[in-house]
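The end of the sequence shown is residue 207 by the numbering used here, with every number in the run present.
Every residue, glycine too, gets a C-beta built ideally from N, C-alpha and C.
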Amino acid sequence: MKSIISLFFVLFCAVSVAYSSGYNIGDKAADFKLKNIDGKFVSFSNYPEAKGFVLVFTCNGCPYAQAYQDRIVEIDKKYKSKGYPVIAINPNDPALAPADSFDKMVSVAKTEGFTFPYLIDEKQEVYKNYGATKTPHVYVLQKKGNDFVVQYIGAIDDNYQDATKVNSPFLASALDALVAGSLPETTTTKAIGCGIKDKSKK
6 MKSIISLFFV LFCAVSVAYS SGYNIGDKAA DFKLKNIDGK FVSFSNYPEA
56 KGFVLVFTCN GCPYAQAYQD RIVEIDKKYK SKGYPVIAIN PNDPALAPAD
106 SFDKMVSVAK TEGFTFPYLI DEKQEVYKNY GATKTPHVYV LQKKGNDFVV
156 QYIGAIDDNY QDATKVNSPF LASALDALVA GSLPETTTTK AIGCGIKDKS
206 KK
């Protein structure tokens, strides 16, 4: 009987861990140090004046990610000066997604005119810490004291196919609220995109 109870306890713990992975709204996000396309390493400490960050887990090859490239640049241009710069992170394993090699990241950033860091999550640890599952997948962080608190998670907007037909600009609305000194009305949406290519899931 004791062995059965112990088994149920182990299973319960395993399920609890599985469902608690990644950040939720209100959680404090851990800093990271990842390589940028210029070869330098980037972390939150590179932005001492930032009021927060727009973290976008994205990539080169996914059609959804490609559709949002211009919009991510626009978000950075609009909100960086208001204290919320974009930091893009490529979580894919290039062995599984050759289009996401570091060299191709450099090329895409130049071609598309990225105005923000484009980092590679080589160990595929950061995206797991955040709980990202798609590219693109957005996390908005707000600085509170020495911490960065998650205030929005999910999609950029509700129309990846046509930026002119967006009805709900989720990300921009969340940022507008934070810049105005309030909290986003919509804090979580479903990220729409391609699944992340993880080397541990070959």
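For this session: Could you say which of S48, D43, E190 lies nearest to F153 if we only look at CA atoms?
Result: Position 148 of the sequence shown, counted from the start, is the residue given in the question as residue 153. Selected option, being the one with the closest Cα: S48.
Problem set entry | Residue ranges of each alpha helix (DSSP H) within the stretch 133-179, 4 or longer | none
Problem set entry | Contacts around F13, its chain only, beta-carbon distance under 6 Å, and the 5 residues preceding and following it disregarded | Reading the sequence shown from its first residue, position 8 is the one you call residue 13. Interpretation of F13 is limited by its pLDDT of 37, a score under 50 that renders its predicted location unreliable; no figure is taken from the coordinates.
Problem set entry | Coarse secondary structure for Y2, derived from DSSP in three states | This structure gives no information on residue 2, because the portion of the chain shown stretches from 6 to 207.
Exercise. When burial is assigned at 16 or more other CB atoms within 10 Å of the CB, is A179 buried or exposed?
Worked result: Against the sequence shown, residue 179 aligns to sequence position 174. Buried is the call here.
Exercise. How many Å lie between I161 and P174 at the Cα?
Worked result: Along the sequence shown, read from residue 1 onward, the residue named residue 161 stands at position 156. Along the sequence shown, read from residue 1 onward, the residue named residue 174 stands at position 169. One C-alpha to the other measures close to 7 Å.
Exercise. If you draw a straight line from the C-alpha of V184 to the C-alpha of D167, how long is it?
Worked result: For the purposes of this step, residue 184 is taken as the residue at position 179 of the sequence shown. For the purposes of this step, residue 167 is taken as the residue at position 162 of the sequence shown. So the two alpha carbons sit approximately 26 Å from each other.
For this session: Check the DSSP bridge columns for N41 and list the partner residues they point to.
Result: To locate residue 41, count along the sequence shown from 1; it is residue 36. Looking at the DSSP assignment, N41 forms a beta bridge with L124.
Exercise. Under the rule that 16 or more other beta-carbon atoms within 10 Å means buried, what is A35, buried or exposed?
Worked result: Numbered from its first residue, the sequence shown carries residue 35 at position 30. The residue is exposed, with fewer than 16 neighbouring Cβ atoms inside 10 Å.
For this session: Might you give, ordered along the chain, the residues of its own chain that have their beta carbon closer than 6 Å to the beta carbon of V111, omitting 5 neighbours on each side?
Result: In the sequence shown, residue 111 corresponds to position 106, counting from 1. Around V111: I42.
Exercise. Which term fits F58, buried or exposed, when burial requires 16 or more other beta carbons within 10 angstroms of its beta carbon?
Worked result: Working through the sequence shown from its first residue, we reach residue 58 at position 53. F58 is buried by the Cβ-count criterion.
Problem set entry | Three-state class that DSSP yields for L188 in the structure shown | Here residue 188 refers to the residue found at position 183 when the sequence shown is read from its first residue. The three-state secondary structure of L188, taken from DSSP, is coil.
For this session: Within 10 angstroms of the Cβ of T63, are there 16 or more other Cβ atoms? Answer buried if so, exposed if not.
Result: Here residue 63 refers to the residue found at position 58 when the sequence shown is read from its first residue. Buried, since its Cβ has 16 or more Cβ neighbours within 10 Å.
For this session: Would you kindly check if the distance between the Cβ of L39 and the Cβ of L101 is under 8 Å?
Result: Indexing the sequence shown from 1 puts residue 101 at position 96. Indexing the sequence shown from 1 puts residue 39 at position 34. No.
For this session: Would you kindly work out how many angstroms separate the C-alpha atoms of D98 and I158, rounded to a whole number?
Result: The residue you call residue 98 lines up with position 93 of the sequence shown. The residue you call residue 158 lines up with position 153 of the sequence shown. Taking the straight line joining both Cα atoms gives about 23 Å.
Problem set entry | Simplified DSSP state of I94, which is helix, strand or coil | To locate residue 94, count along the sequence shown from 1; it is residue 89. In the structure shown, I94 sits in a strand (DSSP, three-state: E or B).
Exercise. Is P96 near I201, with beta carbons less than 8 Å apart?
Worked result: Your numbering for residue 96 matches position 91 in the sequence shown. Your numbering for residue 201 matches position 196 in the sequence shown. Going by C-beta atoms, P96 is nearer than 8 Å to I201.
Problem set entry | Anticipated Cβ contact below 8 Å, T192 with I30, distance rounded | To locate residue 192, count along the sequence shown from 1; it is residue 187. To locate residue 30, count along the sequence shown from 1; it is residue 25. That pair is a contact at about 5 Å.
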